[in-house]
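Structure record follows, encoded as structure tokens.
Residue numbers (this note's numbering): 606 to 749.
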């Protein structure tokens with residue numbers, strides 16, 4: 606097989622509709638556009654959502670909701686996930702290096718889910734009250 610021998614299979618390429626070729630073609634004279642009106646003219650079409658001057662639906666409905674941009678850069682880490690990390694001092698970079706959080710993460714919160722079996726020191730990671738109790742009970746500490 607060579608590039609110059611490749612062909613589309615039969616029926617894959619449909620021939621273009623030839624309009625304006627006389628009465629017998631069924632698409633002669635007005636070419637299937639009917640008589641007069643905006644849609645009969647060349648370039649006579651309107652933008653998406655246009656309702657003939659009536660207030661469009663997307664403008665009639667109220668604006669609702671809010672999406673935080675910071676949501677993309679923040680992550681939650683479960684307490685049990687810290688067991689897989691061998692480092693004694695855990696910060697943002699350690700969690701990224703161990704694939705616990707995505708690379709683009711800038712803000713981390715540790716939540717009380719699971720348990721921790723050893724003492725760890727947390728730096729620059731926010732912690733829930735329940736998670737703080739468990740870390741301190743295991744002999745670890747939380748630094749701001």
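Yeah, the Cβ is synthetic: ideal placement off N, Cα and C, and Gly gets one too.
Everything numeric in this text was worked out from a predicted model, so none of it was measured.
Q: With 8 Å as the threshold, decide whether the Cβ of residue 624 is near any Cβ in chain C.
A: This model lacks chain C altogether, as it is built from one protein chain only.
Q: Could you round the C-beta distance between residue 688 and residue 740 to whole angstroms and report it? I think they count as a contact, below 8 Å.
A: Residue numbering aside, residue 688 sits at position 83 when the chain shown is read from its first letter. Residue numbering aside, residue 740 sits at position 135 when the chain shown is read from its first letter. Their Cβ separation, rounded to whole angstroms, is 12 Å, which puts residue 688 and residue 740 out of contact at 8 Å.
Q: Would you kindly check if the distance between the Cβ of residue 712 and the Cβ of residue 735 is under 8 Å?
A: If you number the chain shown from 1, residue 735 lands on position 130. If you number the chain shown from 1, residue 712 lands on position 107. Cβ atoms of residue 735 and residue 712: not closer than 8 Å.
Q. How big is the Cα-Cα spacing for residue 744 and residue 737?
A. Taking the chain shown and counting its residues from 1, the one referred to as residue 744 is at position 139. Taking the chain shown and counting its residues from 1, the one referred to as residue 737 is at position 132. When rounded, the distance between both Cα atoms is 11 Å.
Q. Can the beta-carbon of residue 693 be found closer than 8 Å to that of residue 725?
A. Sequence index remark: in the chain shown, residue 693 carries index 88 (1-based). Sequence index remark: in the chain shown, residue 725 carries index 120 (1-based). A contact, by the Cβ cut-off of 8 Å.
**Q.** residue 677 to residue 707 span [Cα, whole Å]
**A.** Counted from its first residue, the chain shown places residue 677 at position 72. Counted from its first residue, the chain shown places residue 707 at position 102. When rounded, the distance between both Cα atoms is 10 Å.
Q. Beta carbon of residue 643, beta carbon of residue 637: below 8 Å?
A. Here the question's residue 643 lines up with position 38 in the chain shown. Here the question's residue 637 lines up with position 32 in the chain shown. Not a contact, by the Cβ cut-off of 8 Å.
Q.
If the criterion is Cβ atoms closer than 8 Å, does the pair residue 645 and residue 639 meet it?
A. Translated into the one-based positions of the chain shown, residue 645 becomes position 40. Translated into the one-based positions of the chain shown, residue 639 becomes position 34. Yes, they are a contact pair.
Q: Could you have a look at residue 684 and say whether DSSP puts it in helix, strand or coil?
A: Here residue 684 refers to the residue found at position 79 of the chain shown. Residue state, collapsed to three classes: helix.
Q) Can you tell me whether DSSP reads residue 747 as helix, strand or coil? A) Start at 1 with the first residue of the chain shown, and residue 747 comes out as number 142. Three-state result, residue 747: strand.
Q: Could you spell out the range, first to last residue, of the alpha helix (DSSP H) harbouring residue 700?
A: Translated into the one-based positions of the chain shown, residue 700 becomes position 95. Counting along the chain, the alpha helix (DSSP H) containing residue 700 begins and ends at 697 to 702.
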